[in-house]
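Numbering (my numbering), first residue to last: 5 to 222. Glycine residues also receive a C-beta, built at the ideal position from the N, C-alpha and C atoms. Just below is one structure, and these are the notes that go with it.
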Ligand SMILES: C[S@@+](CC[C@H](N)C(=O)[O-])C[C@H]1O[C@@H](n2cnc3c(N)ncnc32)[C@H](O)[C@@H]1O
């Protein structure tokens with residue numbers, strides 16, 4: 005799935021500017037959006053699609069789209085940004101939040117200007133079940149959706165669901181790419197502890213912020 009090209013390094017100030025623009029559309033705090041922005045700016049050169057599980061009103065996806073566009077510069081074809089979210093007021097484990105058609109409408113409005121955005125209206129369980137059978141038509145060619153430059157997990161935070169997302173998606177992240185898992189402090193840090201336990205077998209470097217866990221694939 006070759007897209008993109010050589011990335012233009014973006015300064016911290018430029019990244020902050022993009023975060024400022026999306027901040028109101030996201031429930032993720034500025035410093036964590038900055039972590040995502042830095043990873044996207046570095047990963048985008050890998051030319052593979054970016055994937056977000058859990059999209060809400062589209063704030064973090066908009067950040068990924070904006071940074072990808074800015075990092076590749078005018079004229080370059082930005083990579084696909086694929087989002088997965090069932091909406092439909094799916095019960096949210098651990099919190100009483102409701103994500104429904106109001107969020108879906110806001111997401112569609114926020115991301116409408118980006119032809120390189122694709123949304124799958126499904127939960128991650130179904131997405132992972134069918135991922136091996138999905139393909140896209142790009143430039144007249146049928147292509148599998150098999151590798152990602154960056155995977156951002158911010159859907160369900162139920163540990164077994166997140167762990168399945170990690171174990172099935174991390175092997176698909178290309179070298180130089182990132183897997184970011186949000187809210188790993190939830191459920192008593194269960195996912196964080198599992199990641200720490202598996203650290204020696206991970207295909208890259210693992211670090212944690214106080215809310216996220218990030219694997220940089222080497
Ligand atoms: C915390 S919000 C995402 C916030 C968004 N990433 C941002 O920063 O703007 C969580 C989203 O995950 C979605 N969600 C819940 N369970 C999910 C699952 N199993 N698979 C995919 N998405 C899920 C919800 O519908 C909700 O929109």
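Whole angstroms are fine: how far does the CA of residue 19 sit from the CA of residue 43? Taking C-alpha positions only, residue 43 is separated from residue 19 by approximately 11 Å.
Who are the near neighbours of residue 32 in its chain, counting only those whose CB is closer than 8 Å to its CB and skipping five residues on each side? Within the same chain, 40, 63, 64, 158 and 186 come within 8 Å of residue 32 by CB-CB distance, once the 5 residues on both sides are set aside.
State yes or no: is the C-beta of residue 134 nearer than 7 Å to some heavy atom of ligand 1? No, since every heavy atom of ligand 1 falls outside the 7 Å radius drawn around the Cβ of residue 134.
Between the Cα of residue 240 and the Cα atoms of 221, 197 and 212, which residue gives the shortest distance? Absent from the structure is residue 240, since the part of the chain shown begins at 5 and ends at 222.
Answer yes or no: do residue 178 and residue 151 have a C-beta to C-beta separation smaller than 8 Å? Taking the C-beta atoms as reference points, residue 151 is found nearer than 8 Å to residue 178.
My output table needs one value for residue 36: the three-state DSSP class, helix, strand or coil. Residue state, collapsed to three classes: helix.
Indicate whether residue 11 and residue 75 have their beta-carbon atoms separated by less than 8 Å. Closer than 8 Å, so yes.
Span separating the alpha-carbon of residue 45 from that of residue 36: Using only the alpha carbons, I get a separation of about 14 Å.
Among 211, 90, 188 and 95, the one whose alpha carbon lies nearest that of residue 59: Of the candidates 211, 90, 188 and 95, the one whose C-alpha sits nearest the C-alpha of residue 59 is 90.
Which runs of the beta strand (DSSP E) spanning at least 3 residues fall entirely within the stretch 136-221, listed in chain order? Runs found: 139-142, 145-148, 152-157, 177-185, 208-212 and 217-221.
Can you find a heavy atom of ligand 1 that lies under 7 Å from the Cβ of residue 171? Residue 171 Cβ: outside cutoff for every heavy atom of ligand 1.
Count the other CB atoms, across all protein chains shown, that sit within 10 Å of the CB of residue 209; report buried if there are 16 or more and exposed otherwise. Counting Cβ neighbours within 10 Å, residue 209 comes out exposed, since fewer than 16 surround it.
Please report the distance separating the alpha-carbon of residue 88 from that of residue 123. Rounded to whole angstroms, residue 88 to residue 123 spans 6 Å at the Cα level.
Could you tell me the distance, in whole angstroms, from the CA atom of residue 23 to the CA atom of residue 67? Going from the Cα of residue 23 to the Cα of residue 67 covers about 7 Å.
Could you give the distance in angstroms between the alpha-carbon of residue 269 and the alpha-carbon of residue 14? No statement about residue 269 is possible, as the shown extent of the chain runs from 5 to 222 and does not include it.
Hey, could you find the ends of the alpha helix (DSSP H) residue 108 is sitting in? In this chain, the alpha helix (DSSP H) harbouring residue 108 covers 105-115.
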